[in-house]
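Participant:
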Amino acid sequence: MMSKHDTTSEMTRALHDIGAGGGGGAQDVSGPLLPASRFLESVVSALKAIRANKMRSLLTSLGIMIGVMNVVGMVGLISGVNRSVADLFSSMGTNSFVVTKMPAGNFNYTEYLEYMRRPDFTHRDAEAIAEQCPAVVAVSPQAIVVKKIKHGSRSTKEIGVLGVTPEYQYVSDADVGDGRFFAWPESDRKRQVVVLGHPVAEHLFGERDPIGQNVLVGNRRFRVVGVMSPMGEMFGQSLDEYVIIPYSTVGKLYGARLMTRLSVKARSGEEVDAALEQVETTLRIRRGLKPAQRSNFEIITQSQLTEMYENLTRITWIVMIGVSAIALIVGGVGIMNIMMVSVTERTREIGIRKAVGAQSRDVLTQFLVEAAVLSGLGGIFGLLAAVGLTKAVASATPIPASIELWSIILALGVSISVGVFFGFYPASKAAKLDPIESLRYE
Amino acid sequence: MLIQLEGVTKVYEVGTEKVNALGGVSLSIEKNEYLAIMGPSGSGKSTLMNVIGCLDTPTSGSYRLKGQEVGDLDDDELAEIRSAEIGFVFQTFNLLPRMTAFQNVELPLIYSKAHRRTRAERVWGVMDAVGLRDRAMHRPSELSGGQRQRVAIARALINNPSIILADEPTGNLDSGTGEEIMQVFEGLHRAGNTIILVTHEEYIAEHANRIIRLHDGLISSDERGVRGSSLGGPVGSAERV
Ligand SMILES: Nc1ncnc2c1ncn2[C@@H]1O[C@H](COP(=O)(O)OP(=O)(O)OP(=O)(O)O)[C@@H](O)[C@H]1O
Ligand SMILES: [Mg+2]
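As given, the protein sequences belong to chains A and B, one line each in that order. Going left to right, the first sequence walks through residues 1 to 442 as my numbering numbers them. Going left to right, the second sequence walks through residues 1001 to 1241 as my numbering numbers them.
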């Protein structure tokens, strides 16, 4: 320990060294700090203030955490679902569209009856389109009936039996995994041949080779010529639970009026629009429609299907946004509340800061940054929770849910904005405090 | 003239009642004066200090600091003056409890926008000046009262202010520690600083070379040259320098 005397002389010397002497003003102050490093400092001091009240801060940021988890988790989930739907649509065949009696989307019973009264498509319609539309490369009429498929003692539940022409392969891009698709002669002669969906073959035959075996479609005997490659699943629902038989055979066995649609494939992506127009014109002429008359058929493109799907998911989005907004508002009010408490508790600190030269905007910034950091931490926790949630969903269900970069930006952006918004009132209250009264505050 | 007050009044309104904390104070203080303000409790000492320190503005009258009329300034300009010209030392130290001594001393530099690189050097400089280099990384709760007050003095010094204002700086200290703090002020005065300090104790006031007595918000006496001959240097070592 230094003696009192030594201390004094040491001090005096030091004072001369630093040039104290009431020069007035801090002349050796260099230019203003870089805003970035100044900002970083306030973030660090905000983190310190938050750390001083760990439990309180954690509870406060819980609301934000739940809100952000909800936003990010749901966004991940929905974009996962969207992706699998997009996959499905593109597996329907590139550059292809369908011509049907009924439009895609919702309609009521009266409309349904009206659509049902529309003329059916005939084989001749399909031939006309193939011949008269230069932008069309393939047409496949399709008819669907629902039957049980049986082999020996094994049977499936009722599944779709799709009647198509061999062109279906080109129109739909569907691949035959095993054996072959049926050929034109078989189709023309209305042969009872069938191509099985992958799980159907597995269910009926197990390990055994189904090719050349007989199955019952309903109560008619069909010979298996091929098995389709699996397309996969969506929402735990297999996309492969169907069988394919020749279109003409459907007509022979179940009546020709069953044809419900035509699948059409355009020559290329650029020619899809031309194909749509040509198909419409061809059908209108064949049906003798006058220019003023509405078409009595519908053309459904993949983009229409996508749009329809998006309309459906939009409702989910709206609900999700509503729930998230409520969680974030509740979280934000929590932050506002805790910041009010903090401002009151730290009135004296504010007084001290002002006494040593802090301006109102310095205090404002300090508390705004603190609110933003508090809320941002909630956002980070929410993001981590959402990552966990999506991982769990992705491993437990077939939905390819995932967190993308933009949802991280969204999480931080949303939570920080909420913090700044709800922190503004307490922060401006702090900024407006009178220095003397604050210093006197007990 | 560093400080010039003319007919400064401060009126507080509490409900319908008006309290005349300062009733018309005229006072001039020059550079490197060492002034003690004395007076009974409630006589307006702290109020006067707050006005001089630009924490508060007069209700009427004129206060010029380095020729600048303080009454004309807005809150942010007052904050700038506090940052550049004023160093406060309080009776209750008023350190931020969660920060180390070093960080407390550094605080005014953040608001005076001193460059980060020069900050540490300056903090160490004033820490040396108050003899607390080895306690720099301690928090206030880990320091004695006297050490805390030295930290507060270092903080007051950091921006190299024109005036150091101390409101009962020894009020919360025992007489021995109080005497040590007074020696720090002694050194500061010797180094050329202007010091204004409020005290209740005659023996503390005797360190100053001018004593002003307040009574009900008015100056009742103004003695100059108290010190010098009658008291001499309180400590031999100080004279060695
Ligand atoms: N914010 C305020 N509102 C109302 N009255 C006030 C306020 N601040 C001070 N006063 C009054 O002004 C007068 C002077 O107060 P001041 O604090 O300047 O006295 P002081 O001389 O410092 O007293 P002490 O020695 O007890 O610290 C007192 O009567 C006090 O009650
Ligand atoms: Mg007082």
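Ideal Cβ placement from N, Cα and C applies to all residues, glycine included. Model, not experiment: these values are computed from the prediction.
1. Any C-beta of chain B sitting closer than 9 Å to the C-beta of A/V29?
2. Pick from B/L1002, B/I1037 and B/K1010: whose alpha carbon is nearest that of B/R1213?
3. So who's on the other strand from A/K147, going by DSSP bridges?
4. Sorted by chain position, which residues of the same chain lie with C-beta nearer than 6 Å to A/A431's C-beta, five sequence neighbours on each side aside?
5. Cutting at 8 Å between CB atoms, please list the residues of its own chain near A/I211, excluding the five before and the five after it.
6. With the cut-off set at 9 Å, would you say B/R1174 and B/Q1091 are in Cβ contact?
7. When you compare each of B/T1059, B/E1121, B/S1026 and B/K1045 to B/K1010 by their alpha carbons, which one comes out closest?
8. On the DSSP letters alone, give me the boundaries of the beta strand (DSSP E) that B/L1165 sits inside.
9. Would you check whether ligand 2 has a heavy atom nearer than 8 Å to the C-beta of B/V1198?
10. Identify which residue in B/F1185, B/T1170 and B/G1217 has its Cα closest to the Cα of B/I1164.
11. Can you find a CB in chain A that lies within less than 9 Å of the CB of B/D1222?
12. Is B/D1167 near ligand 2, judged by its Cβ being under 8 Å from some heavy atom?
13. Apart from the five residues on each side of it in sequence, which residues of its chain come closer than 8 Å, Cβ to Cβ, to A/I78?
14. How big is the Cα-Cα spacing for A/L283 and A/K157?
15. Under a three-way DSSP split, which group does B/T1100 fall into?
16. Rounding to the nearest angstrom, what Cα-Cα distance links A/G334 and A/Y425 in this structure?
17. Taking just the CA atoms, how far does A/L374 sit from A/E345?
18. Following the continuous beta strand (DSSP E) through A/N214, name the residue where it begins and the one where it ends.
19. What residue range is occupied by the uninterrupted alpha helix (DSSP H) comprising A/R314?
20. Tell me where the beta strand (DSSP E) around A/D178 begins and ends.
21. Shorter than 9 Å from the beta carbon of A/D17 to some beta carbon of chain B?
22. So, with DSSP's three-state summary, where would you put B/E1013?
23. Drop a sphere of 10 angstroms on the beta-carbon of A/S303, count the other beta-carbons inside from all chains shown, and report buried for 16 or more, exposed for fewer.
24. Of all Cβ atoms in chain A, is any one closer than 9 Å to the Cβ of B/P1169?
25. If the criterion is Cβ atoms closer than 9 Å, does the pair A/Y247 and A/S187 meet it?
26. Among the candidates B/S1026, B/R1150 and B/I1219, whose CA atom is the shortest distance from the CA of B/G1187?
27. Compute the Euclidean distance between the alpha carbons of A/S68 and A/L59, then round it to the nearest angstrom.
28. If contacts are defined as beta-carbon pairs under 8 Å, then A/A386 and A/V72 qualify, I think. What distance do you get, rounded to the angstrom?
29. Since A/V143 contacts A/T260 with CB under 8 Å, what's their CB separation in whole angstroms?
30. Should B/K1045 be counted as a contact of ligand 2 given a C-beta to heavy atom distance under 8 Å?
31. Name the residue from B/C1054, B/D1074 and B/K1066 whose alpha carbon lies nearest to the alpha carbon of B/S1083.
32. Which class does B/N1020 belong to by DSSP, given the choice of helix, strand or coil?
33. Who are the near neighbours of A/L389 in its chain, counting only those whose CB is closer than 6 Å to its CB and skipping five residues on each side?
34. By DSSP, does A/L196 sit in helix, in strand, or in coil?
35. Starting from B/H1189 and walking both ways along the alpha helix (DSSP H), at which residues does that stretch end?
36. Mind listing the chain B neighbours of A/A52? Cutoff is C-beta to C-beta under 7 Å, in chain order.
Facilitator: Quick answer:
1. Because the pLDDT of A/V29 is 41, which lies under 50, any placement of that residue in the model is unreliable, and the number read from its coordinates should be weighed accordingly. By this cut-off, A/V29 is an interface position.
2. B/I1037
3. A/I159
4. S360, V363 and L364
5. D178, G179, V224, V225, G226 and V227
6. The sequence shown places Asp at residue 1174 of chain B, rather than the Arg named in the question. No, the Cβ-Cβ distance between B/D1174 and B/Q1091 is not below 9 Å.
7. B/T1059
8. I1163 to D1167
9. yes
10. B/F1185
11. no
12. yes
13. T313, T316, W317 and M320
14. 37 Å
15. coil
16. 13 Å
17. 17 Å
18. N214 to V217
19. Q302 to E345
20. V176 to G179
21. Residue placement at A/D17 cannot be trusted, given a pLDDT of 48 that sits under 50; the coordinates are not used to answer.
22. strand
23. exposed
24. no
25. yes
26. B/R1150
27. Reading the sequence as shown, one finds Val at residue 68 of chain A and not Ser. Answer to the nearest angstrom: the Cα atoms are 15 Å apart.
28. 4 Å
29. Looking at the sequence provided, one finds Ala at residue 143 of chain A rather than Val. Right, their Cβ atoms sit about 6 Å apart.
30. yes
31. B/C1054
32. strand
33. G73
34. strand
35. S1175 to R1190
36. R1098
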